[in-house]
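S.K.:
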Amino acid sequence: WGWEGIFLQSRLSSGQELNMTNVNFEDIMVNYSYDPELTYDTLASMPCHSGYCSFFRSYAFNFLAVVCALGLLSNLALVVALANCRSLWGWPPGRASLFQLTLGTTIFTVMLPFFAVGIRQGQVIGDGLCKVAYMLWYGSLFAEGLLVAAGACSAIWGKWVPSRHHWCVAVALWVAAVILAVPAALLSGMEGHQQKLCMLRDRAGWRLAHVTSCLAVFLLLPAALGVAKAMLTWRRSGWQLRVGVTCVFFLLWVPYGAAQLLDLLERRQLLYTSCHFQELLDFFLGLSEGLGVLHCCLGPLLLLGAGLYHRRMDLLVWAGGWGGGSHFDTFSTAMRARN
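Under our numbering, read the sequence shown as residues 2 to 340, first letter to last.
Here it is as structure tokens:
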């Protein structure tokens with residue numbers, strides 16, 4: 002369930018959840034011989050202890066603070082470049098799509114301090130603001146995934162959708178992202194005993210809907226793009242998917258999708274697991290989500306680097322290609338000609 006949920010809840014072999022701070026397994030073992038009603042089945046249902054909580058407390062706040070600062074700076078640099086350097090973005094997916102991606106990444110980044118402060122000292126907000134926070138968090142995240150997929154397929158759907166109607170596609174993608182984020186908003190609320198945290202609660206129906214949304218965006222969508230890319234390349238079709246630097250979003254979030262799938266199977270008792278496996282799954286969920294969070298700073302930086310690289314190649318070609326003189330001389334000649 003992510004950092005906050007794993008921090009507050011433990012995993013049980015029976016699939017239920019308890020507060021891990023209230024159970025001492027050593028006390029259970031000491032008293033076992035004196036309690037005739039305590040059986041092996043009772044012991045099997047006791048919560049597993051996980052070292053993830055101490056690990057989470059030690060690193061989560063600093064990690065989120067650093068990523069938030071880098072994300073805000075990189076997104077600001079990308080917005081300035083998009084606004085002032087039109088010649089940098091003459092390649093797919095285009096400036097309009099990149100502006101939307103930057104909007105989604107910025108919204109996601111702005112929410113990081115909210116969760117970081119909650120981890121450090123708890124939160125005093127109500128359920129309403131908690132739901133808004135999760136709606137913005139997952140809505141922006143799902144929008145980015147849909148925008149990246151749409152950009153990869155733009156050469157295909159662009160043949161049927163006139164350029165003047167591209168805004169309709171953008172609106173449809175954002176609306177779909179908001180709908181996908183509704184289960185997360187309905188699940189979210191304030192939980193905890195000594196320290197209140199804004200987190201996703203356990204409600205069977207909406208929880209399954211939320212996990213399904215995550216699996217669709219983080220696993221099924223990139224898998225479909227990969228299969229389509231392979232098939233179109235194998236058949237040497239004229240229609241090609243534009244798999245570029247924006248697809249780093251999926252590379253960073255696919256592990257979290259896989260962790261969500263394992264978590265779903267384990268909680269529904271479709272996997273035979275031990276306490277050691279459940280502890281590893283806790284770490285896998287938390288670390289994979291941390292890997293995905295990095296997209297808010299790595300994505301803009303890679304886009305800036307790709308834009309500068311394409312610009313440099315265009316200048317080299319404009320100045321006469323690779324023939325005659327060094328690369329530096331060719332680049333200098335192109336800059337003088339431009340000025």
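A virtual CB, placed ideally from N, CA and C, is assigned to each residue, including glycine. Values in this document were obtained by computation on a predicted structure and should not be read as measured data.
Near Ser141, what residues of its chain come up, given a Cβ to Cβ distance below 7 Å and the 5 sequence neighbours on each side ignored?
M.R.: Gly105, Ile108 and Phe109
S.K.: Rounded to the nearest angstrom, what separates Phe219 and Ala259 at their Cα positions?
M.R.: Between the C-alpha atoms of Phe219 and Ala259 there is a straight-line separation of about 8 Å.
S.K.: Straight-line CA distance for Arg208 to Leu265?
M.R.: A straight-line Cα-Cα distance of about 10 Å links Arg208 and Leu265.
S.K.: Can you give the Cα-Cα distance for Glu192 and Asn85, rounded to whole angstroms?
M.R.: 46 Å
S.K.: Just reading off the alpha helix (DSSP H) that Ser289 is part of, what are its end residues?
M.R.: In the DSSP annotation of this structure, the continuous segment of the alpha helix (DSSP H) that includes Ser289 starts and ends at Cys276 to Val294.
S.K.: Applying the 10 Å Cβ sphere with the 16-neighbour rule, what's the burial state of Arg268?
M.R.: buried
S.K.: With distance defined between alpha-carbon atoms, name the residue in Tyr60, Leu303, Gln261 and Val68 nearest to His211.
M.R.: Gln261
S.K.: DSSP three-state call for Cys199: helix, strand or coil?
M.R.: strand
S.K.: Which partner residues of Ser189 appear in the DSSP bridge assignment?
M.R.: Its beta-bridge partners are Leu201.
S.K.: By a C-beta neighbour count over all protein chains shown, 10 Å radius and 16 as the cutoff for buried, is Tyr135 buried or exposed?
M.R.: Around the Cβ of Tyr135, a 10 Å sphere holds 16 or more other Cβ atoms; the residue is buried.
S.K.: For the structure I just gave you, are there three or more beta carbon pairs, one from the segment 216-232 and one from the segment 272-285, closer than 8 Å?
M.R.: When C-beta atoms of the segment 216-232 are compared with those of the segment 272-285, fewer than three pairs fall below 8 Å, so the two segments do not count as touching.
S.K.: Do Phe64 and Gly291 have their beta-carbon atoms positioned less than 8 Å apart in this structure?
M.R.: Yes.
S.K.: To the nearest angstrom, how far is it from the Cα of Ser289 to the Cα of Leu253?
M.R.: So the two alpha carbons sit approximately 8 Å from each other.
S.K.: Name the two residues that bound the continuous alpha helix (DSSP H) containing Thr110.
M.R.: Arg96 to Val111
S.K.: Where does Ile120 fall in DSSP's three states?
M.R.: helix
S.K.: Between Leu130 and Leu304, is the Cβ-Cβ spacing less than 8 Å?
M.R.: Result no, Cβ atoms of Leu130 and Leu304 do not sit closer than 8 Å.
S.K.: Quick check: Ala61 and Ile120, are their CB atoms within less than 8 Å of each other?
M.R.: By the CB criterion at 8 Å, Ala61 and Ile120 fall inside the cutoff.
S.K.: Since Thr247 is in the alpha helix (DSSP H), which residue starts that stretch and which ends it?
M.R.: Note, Thr247: premise wrong, no alpha helix (DSSP H); not H, not E.
S.K.: Assuming contact is defined by CB atoms lying nearer than 8 Å, are Val228 and Val68 in contact in what I supplied?
M.R.: no
S.K.: Between the Cα of Val172 and those of Arg313, Ser98 and Gly206, spot the shortest distance and give me the residue it belongs to.
M.R.: Ser98
S.K.: In three-state terms, what does DSSP make of Arg165?
M.R.: Three-state DSSP puts Arg165 in a helix.
S.K.: Report all residues from its chain with a CB closer than 8 Å to the CB of Ala185; omit the five preceding and five following residues, and keep chain order.
M.R.: So the qualifying residues of the chain are Tyr135, Met136, Trp138, Tyr139, Leu201, His211 and Ser214.
S.K.: Along the chain, where does the alpha helix (DSSP H) containing Leu226 start, and where does it finish?
M.R.: Leu222 to Trp235
S.K.: For Cys298, which of helix, strand or coil comes out of DSSP?
M.R.: helix
S.K.: Tell me whether the beta-carbon of Val149 lies closer than 8 Å to the beta-carbon of Phe251.
M.R.: yes
S.K.: Using a 10 Å radius around the Cβ and a threshold of 16 neighbouring Cβ atoms, would you call Leu271 buried or exposed?
M.R.: exposed
S.K.: Looking at the structure shown, is Cys54 part of a helix, part of a strand, or coil, going by DSSP?
M.R.: In this structure, Cys54 counts as helix in the three-state DSSP scheme.
S.K.: Excluding the 5 residues preceding and the 5 following Pro114 in the sequence, name in chain order all residues of the same chain whose CB lies nearer than 8 Å to its CB.
M.R.: Leu65, Ala66 and Cys69
S.K.: Identify which residue in Asn76, Glu280, Asp128 and Ser55 has its Cα closest to the Cα of Gly190.
M.R.: Considering only Asn76, Glu280, Asp128 and Ser55, the residue with the shortest C-alpha distance to Gly190 is Asp128.
S.K.: Closest by CA to Leu1, which one among Cys248, Ala205 and Leu216?
M.R.: No information on residue 1 is available, as it lies outside the stretch 2 to 340 that the chain covers here.
S.K.: Please identify the residue among Leu71, Arg204 and Val183 whose C-alpha is closest to the C-alpha of Lys132.
M.R.: When only C-alpha atoms are compared, the closest one is Val183.
S.K.: Let me check understanding here. Comparing Cα to Cα, which of Gly146, Ala151, Arg58 and Ser59 lies closest to Leu216?
M.R.: Gly146
S.K.: My output table needs one value for Asp42: the three-state DSSP class, helix, strand or coil.
M.R.: For Asp42, the predicted structure reports a pLDDT of 48, less than 50, and the residue's modelled location is therefore unreliable. A value from the coordinates is still provided. In the structure shown, Asp42 sits in a helix (DSSP, three-state: H, G or I).
S.K.: Can you give the Cα-Cα distance for Thr234 and Leu299, rounded to whole angstroms?
M.R.: 28 Å
S.K.: Please state if the CB of Ala151 and the CB of Leu181 are separated by a distance shorter than 8 Å.
M.R.: no
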